[in-house]
Amino acid sequence: MTSAVEIAGITKRFGDVVAVDNIDLTIADGEFFALLGPSGCGKTTTLRMIAGLEFPTQGSLKIFGDEVGTLPPNKRPVNTVFQNYALFPHLNALDNVAFGLKMQGVDKSTARRRALETIDLVQLTGMDARKPSELSGGQQQRVALARALVNQPKVLLLDEPLGALDLKLRQEMQGELKNLQQNLGVSFVFVTHDQEEALTMSDRMAVMNDGKLLQVGTPEEIYEHPSNRFVADFIGQTNLLEGRVLDSETVCLANGEHVTGISDLPRGSEVAVSLRPERAHLGPLDEIHSRQAAVDGVVESVTYLGNARVYHVRFDWMVIEVREENRPGSTLHEPGTSVSVSWDPSAVSVVAD
Amino acid sequence: MTAVKLPSDAEAAVATPEFEAAAIRQESRRGFLLAMPSYAYLVLFFAVPLVIVVVYSFATRNRFGGTDLSGWNLASYARLSEPIVRDILFRSLWLALLTTLICLVIAYPFAYYLATRTPVVRNLMLVFVMIPFWTNFLVRNYAWRVILGNDGPFTDVTEAIGLGERELLFSKTAVVLGLVYSFLPFMILPLYAAIERIDKRLLEASRDLYASGWQSFRKVLLPLSMPGVIAGSILVFVPSLGAYVTPDILGGSKTTLLGSYIVTQFLTARNWPFGAALSFVLMAVMLTTTVVYFRKGGRTL
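These protein sequences, in sequence, are chains A and B.
Positions 13 to 365 (the numbering used here) are the ones given, in order, by the first sequence.
Positions 153 to 453 (the numbering used here) are the ones given, in order, by the second sequence.
So this is what it looks like as structure tokens:
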């Protein structure tokens, strides 16, 4: 199968700043792919290079096997949903959607018909005569989506499309976007800084930081097996217990305690054991468990979340966050109680820088 | 009802509707007082003279070159249909239009360039645009006389490239050249302000939607910068139409324009009613163009 997008050795410099640093990335046809990272990590620049809005300093960029790195945006079979939509304020919804078709020379009546169909597809039936300023944020978002989709791009690029929406609308649109993508079977490349959004929506995702590609994989692979400290910390919540590798199964924590941690790093490597709050359990001190997967501490605070309680447990030099589901019969550990934080040894990952 | 203290010297107390109303009244009165000096100035030195001009345009010139403020008639307006007057009127309109178009064509790319620079470069270039204003308008026009005149730099150039001794001074071309030079900044500034306000991602979006560079300009940049085009055009067209100094200095006697013709009526011909009628027509033309232009731009005046 040909890949939708194939990036090989792409670098982008702005003066002295390296925005994207020699990345390789392949996005499959029909895939919902998320580019995730903090602001300034190079994810938007990567997307803009695929769109043709920036030219790479160096490297190969292929769309369905064709080299496009030097083509202007109007010569590429991709369309973009811009951050904050960038709708044409002087055109109504219909003319915004029909814009791309008209520019491609599609005749007026066909352009109008297809634009109206796409407006229906994004559930904006009847809104076609409204100007962008007369539409709500969510509706503008749909127009932006329709304006790109009507051109039947081979790849749809989305730059933080849900960033400007409020939480409830955002969750609703997440589901809709996902459905739309599955029905159309087109690759979506989605830039976001919201790790939850990336996890819930994407088939595969890439985590970027400082212009570098840190890890590519399914949301599950990335959450369960982060390849380094940044990824572990950035994706979801985690506790990073600092230490050094003792052998392939043991990590010696900074205070001298030994815990189970499987890695293939050489002995003495500085690492952290990444323990997710929901993977840790709190129990009384005398509870029997393997000493290789537990540490003792004192409860500092409890936060009630309704469906769960989050404990902050002081353990030697650090505070460990533990999340306990709020089930009938679950014990409440008052602040000040000494507790044991334990976990399944297979539930942690050992990460280096 | 107890007297409501003014908000300015109110004491701490429970708010009442009366207090709120007094506060709002005081605020609007303050605004009116602040605007008063401008209003007074405009009424006294603009509105009143304007009325005088209108009144004079219906009066009669007496045998001695004075004006009789009696026997109201439309004779001055009737003279507008005379061929010589019509020629001057149309020539003035045409040259003003030409000046506006040339300014627009020159200023637009420059304004776009300006609007897409970094703030430092932008401000520096804006200063360059303003520099001509530091020299007296009259002096600058006389400078053109030197440039375009006999043995001036312009004839030197035409001779050097083998076009022979071409003299531009005292021609319509010289007038348009001078007008464009004088009013170009008035086109650049509003265009720059309008283009600068446009979200440049809209241009990216149009390119992403298969528009070529030209289509992107025609369908997105130009429509969105229309307020600047309109403002700049009015700012150039109106003073060009009534221009007196530039046509007088660079056009000579061969190219009489409305401005000079009006001056002649008042000073040489001593026909104040006709001069007043011409002035009034000039203003009417300017007002009409401005209103039509604004309406076309989708705005109300």
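Even for Gly, the Cβ is constructed at its ideal location relative to N, Cα and C.
Since the structure is predicted, the reported quantities are computational estimates derived from the model, not experimental observations.
Ordered along the chain, which non-local residues of its own chain (more than five positions away) have a Cβ less than 7 Å from that of residue i?
i       : result
V397(B) : F289, L290, N293
R318(B) : T307, T310
V415(B) : Y396
G295(A) : V351, S352, S354
T441(B) : F389
Cutting at 6 Å between CB atoms, please list the residues of its own chain near residue i, excluding the five before and the five after it.
i       : result
L453(B) : Residue confidence is low: L453(B) scores 45 on pLDDT, short of 50, so the model does not pin down where it sits. Its coordinate-derived value is still stated next. The answer, listed in chain order, is V443, F446.
E348(B) : A267
V134(A) : R154, L157, A158
M153(B) : Only weak support is given to the placement of M153(B): the predicted model assigns it a pLDDT of 44, under 50, and the question is left unresolved by the model.
V198(A) : L168
E290(A) : R335
S228(B) : S209, P425, F426, A429
If I follow the unbroken beta strand (DSSP E) through residue i, where does it start and stop?
i       : result
T442(B) : No beta strand (DSSP E) contains T442(B), which is instead part of the alpha helix (DSSP H) from 424-448.
Q227(A) : 224-229
I332(A) : 330-337
D308(A) : 306-316
V263(A) : 262-265
F202(A) : 199-204
E282(A) : 282-287
From the beta carbon of residue i, is the nearest beta carbon of chain C less than 7 Å away?
i       : result
Q164(A) : Going by chain labels, chain C is absent from the structure shown, which instead holds the protein chains A and B.
Can you tell me whether residue i is helix, strand or coil according to DSSP?
i       : result
G81(A)  : coil
R25(A)  : strand
T250(A) : coil
G255(A) : strand
P296(A) : strand
D41(A)  : coil
A228(B) : It is Ser, not Ala, that sits at residue 228(B) in the sequence shown. S228(B): helix per DSSP, three-state reduction.
G71(A)  : strand
F197(B) : helix
G112(A) : helix
D161(B) : helix
V90(A)  : strand
S361(A) : strand
D220(B) : strand
T310(B) : helix
V239(A) : In the sequence under discussion, the amino acid at residue 239(A) is Ser, which differs from the Val named in the question. In the structure shown, S239(A) sits in coil (DSSP, three-state: anything other than H, G, I, E or B).
N214(B) : coil
E232(A) : helix
L329(B) : helix
A421(B) : coil
Within the continuous alpha helix (DSSP H) that includes residue i, where are the two ends?
i       : result
F44(A)  : From DSSP, F44(A) is part of no alpha helix (DSSP H) but of the beta strand (DSSP E) over 44-48.
L485(B) : With chain B running from 153 to 453 in the structure shown, residue 485(B) is simply not present.
V351(A) : Where V351(A) is concerned, there is no enclosing alpha helix (DSSP H), although the beta strand (DSSP E) it sits in stretches over 350-355.
V118(A) : Premise fails: V118(A) is in no alpha helix (DSSP H) and is neither H nor E.
F289(B) : 289-300
For residue i, which residues of its own chain have a beta-carbon under 8 Å away from its beta-carbon, when the five flanking residues on both sides are left out?
i       : result
F76(A)  : T14, S15, A16, D41, P89, K166
V118(A) : R126
L277(A) : V257, V283, V362, A364
D308(A) : L297, F327, S350, V351, S352, V353
V280(A) : It should be noted that the sequence gives Gly, not Val, for residue 280(A). Excluding positions up to five away in sequence, the list reads R256, V257.
A141(A) : N104, A105, L106
Since residue i sits in a beta bridge, which residues does DSSP pair it with?
i       : result
R60(A)  : Answer by DSSP bridge pairing: none, since R60(A) is not bridged.
Y323(A) : V314(A), V334(A)
I204(B) : DSSP, once it has assigned bridges, lists no residue as partnering I204(B).
M213(A) : According to DSSP, M213(A) bridges with nothing at all.
H270(A) : C264(A)
I35(A)  : I22(A)
Y413(B) : Per DSSP, none; premise fails for Y413(B).
N104(A) : N104(A) pairs with nothing; no bridge assigned.
V219(A) : L48(A), Q227(A)
Y97(A)  : F94(A)
V30(A)  : R25(A)
V17(A)  : I39(A), I75(A)
Taking 6 Å as the line, does the beta carbon of residue i fall inside it for any heavy atom of the ligand FAD?
i       : result
L174(A) : The ligand FAD is absent from the structure shown, which contains no ligand whatsoever.
(message) Suppose only complete runs of 3+ residues qualify. What are the beta strand (DSSP E) ranges in the stretch 128-192 of chain A, listed by chain order?
(response) As far as the stretch 128-192 of chain A is concerned, its whole beta strand (DSSP E) runs of at least 3 residues are 167-171.
Runs of alpha helix (DSSP H) wholly within the stretch 235-287 of chain B (minimum 4 residues, chain order): Fully enclosed alpha helix (DSSP H) runs of 4 or longer: 235-267, 271-282.
### Within the stretch 348-411 of chain B, ranges of the alpha helix (DSSP H) (whole runs, at least 4 residues)
353-360, 365-368, 378-393
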